[in-house]
Amino acid sequence: MNSLFTPFSINNRQLAKVVVILRLCRLMCGGASPHRKASGYFRGCAPRQGRSPNQQSQARTEGRSPTAHQAAEPQAHPHFCKLSNNFVNSSDSDDTKTITTMKSSRLPYQTRALFLLFFLTTLASYASAQIAVRGETVHTMSGTPITDGIVLIRDGKIERVGAASSVQIPNGYRTINAKVVTPGLIDAHTVVGLSGYLNQPNDQDQLERSSAMQPELRAIDAYNAREKLIGYLRSFGVTTLHTGHGTGSLISGQTMIVKTHGDTVEAAVVMPVAMLAVSMGNNGLGQAGKSPGTSAKIMSMLRAELIRASEYNQKQTTAKADARPTRDLRLEILSQVIKREMPLLITAHRARDIASALRLAKEFNIRIVLDGAAESYLLTNEIKAAGVPVIVHPTMFRASGEAENLSMETAATLKRAGIPIALQSGFEGYVPKTRVVLFEAAAAAANGLSFQDALATITIDAARLLGIQNRVGSLEAGKDADVAMFDGDPFEYTSHVTGVIVGGQVTDGESQQTP
């Protein structure tokens, strides 16, 4: 990893913050105190003033030699000294008033030490904010691949992308080299973060079985940003997840979109509510004799609930304030579906259930996204005519149960038919509880999809299907700096992920960095 003291560049707003921090640090470390003679922000920044005879005598009385005492004092790195000296004559601002009020008293050593640590961390964050990723091949997913390409990253966003012959790396940018560079990968449907790696009841929050329909359940309330499976997926280049409540009940709850970096859900979230998860076929049937018990009952219950939501929405918008219905969390979320503000994510494998989902969308004029869709290749004309996208089952999904007729060529078949598709990791009931979309796309590339189309299913096409293409999915100026780096063909099993950047932060693999 590069040294913290590698030269770097910062913008004016960051410069102002650093000036304030340097001034405060000067006070904390004693440089601004009237009782100190050192003139630098750090005692090591300026030549030490000679000690008076009284000071030397006092040091000997305390059992310390003046030389040893001086040697024990902290010395600043020369780069800090140069930086701080440049700011000594900076014009004062309103921050000076705050600093002046603090000069009269010295803060405890622990407080000063913590502040210095904060100062170093701040500078480190600025130093890592400017990165240049150089790849022998850069797949931007917004055009043809670039040979010997460069991706400039500044303040968490992509600044510029182009060939090395036309893009100059500015001074102070860290450079990371890789054989192949792609956008950060997108898992278009998973339950990771709600489902954990322990495979125990305490980390399985993706399904609430107490009721057949619970659209009011929010994924954001169950997502664990520190779940180890998230880091596991990120190590394979996955930077964005569409996750939430899984299959197993008629309406299991909401889904959300998050980044695979951040210690809290607030830090990771991209879209707190993305879709509403619905299951048809066997996955939507009630357990232990509970309703619904048949496919016809599934459809009748869904239709009845959407009718209620439509009436609720109409009363909320047309009735007088005192005549409006009381707030209903279930109908509130379903009314967003009725207003086409949110799609239903309908998991359906058999052609019969896929056809029922298409009828439901037409009857209520709602948006839907098909999920799984193992037999979708039997209904390509109908799916295309309805304008419905498909999050295809994992390519290497086990052909059993309702998915007994799946094909490893499903993604290629739907792509040739002109149907928007993306790939997913889905849900696994065994450890490690998740598949990896990188491997699923590789298998799809070996079963009919071209390399570019397979890569698109886990980058730009997935972003478009999820409605987040303005932020992620391709390497373009202004988008989030989410990057995956490889030491070879991403779909070759002997290749490795050598680095991952999420929002401009290097989260995995820094061994390839150079000054």
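Each residue of the sequence shown is one higher than the one before, counting from 535 in our numbering.
Where a beta carbon is used, it is the ideal one built from N, C-alpha and C, also for glycine.
Everything numeric in this text was worked out from a predicted model, so none of it was measured.
- Query: Looking at C-alpha atoms only, which residue of Leu728, Thr671, Ser745 and Asp887 is the closest neighbour of Asp737?
  - Reply: Leu728
Please classify Arg668 as buried or exposed, where buried requires at least 16 other C-beta atoms within 10 Å of its C-beta. Buried is the call here.
message = For Val799 and Ala759, which I take to be in contact (beta-carbon distance under 8 angstroms), what is that distance rounded to the nearest angstrom?
response = 5 angstroms
- Confirm, please, whether the CB-CB distance from Gly706 to Gly696 is below 8 angstroms. no
task: From the DSSP output, in three-state form, read off Ser699 for me.
output: coil
(Q) Let me check understanding here. Comparing Cα to Cα, which of Gln986, Leu913 and Met809 lies closest to Ile953? (A) Leu913
Discussion item. Between Glu693, Gly1037, Ser984 and Ser910, which has its C-alpha nearest Glu936's C-alpha?
Written reply: Ser910
Please list, in chain order, all residues of the same chain as Thr632 whose beta carbon is under 6 angstroms from its beta carbon, the five residues on each side excluded. Unreliable placement is indicated for Thr632, whose pLDDT of 39 sits below 50; no coordinate value is reported for it.
Helix, strand or coil: how does DSSP classify Asn847 here?
-> helix
For Thr724 and Tyr757, the rounded distance between their alpha carbons: 12 angstroms
Classify Arg842 as helix, strand or coil using the three-state DSSP reduction.
helix
- [ ] From the DSSP output, read off the bridge partner residues of Lys854.
- [x] Looking at the DSSP assignment, Lys854 forms no beta bridge with any residue, so it has no partner.
Exercise for the section: Count the CB pairs spanning the stretch 1008–1016 and the stretch 812–822 that are closer than 8 angstroms, and state whether there are at least three. Expected result: no
- Task: Note down, in chain order, each residue of its chain lying with its Cβ closer than 7 angstroms to the Cβ of Arg969, except the 5 sequence neighbours on either side.
- Result: Pro928, Ser959, Gly960 and Glu962
Checklist entry - Based on the DSSP output, what are the partners of Gln788 in its beta bridges? => result In the DSSP output, where bridge partners are listed per residue, Gln788 has Leu810.
inquiry  = Once DSSP output is grouped into helix, strand and coil, what is the label at Ser941?
reply    = coil
Check: In chain order, what residues of the same chain have a beta carbon less than 8 angstroms from the beta carbon of Lys854, not counting five sequence neighbours either side?
Finding: none
field: the stretch 812–831 in contact with the stretch 760–770 per 3-pair CB rule at 8 angstroms
entry: no
Counting Cβ pairs closer than 8 angstroms, one from the stretch 839–851 and one from the stretch 862–878, do we hit at least three?
-> Yes: at least three Cβ pairs fall under 8 angstroms.
When the Cβ atoms of the stretch 1020–1027 are set against those of the stretch 713–720, are three or more pairs found closer than 8 angstroms? yes
- Give me whichever residues DSSP pairs with Pro954 in a beta bridge. Per DSSP, none; premise fails for Pro954.
Notebook entry, point to check: Any idea what DSSP makes of Gly669, helix, strand or coil?
Noted result: strand
| request: Determine the direct distance from the alpha carbon of Ser699 to that of Asp905, and round the result to whole angstroms. | output: 43 angstroms
Practice prompt. Under 7 angstroms Cβ to Cβ from Lys849, same chain only, skipping five residues before and after it: list those, please.
Written response: Arg858 and Pro859
- Have a look at Leu878 and Arg861 and give me their C-alpha separation to the nearest angstrom. 22 angstroms
DSSP beta-bridge partners for His1030? Note: His1030 sits in no beta bridge, so no partner.
Note to self: Here's a check: name, in chain order, each residue in its chain whose Cβ is nearer than 7 angstroms to the Cβ of Pro806, leaving out the five neighbours to either side.
What the structure shows: By the criterion of a C-beta distance shorter than 7 angstroms, Pro806 is surrounded in its chain by Ile754 and Met790, once the five residues flanking it on both sides are discounted.
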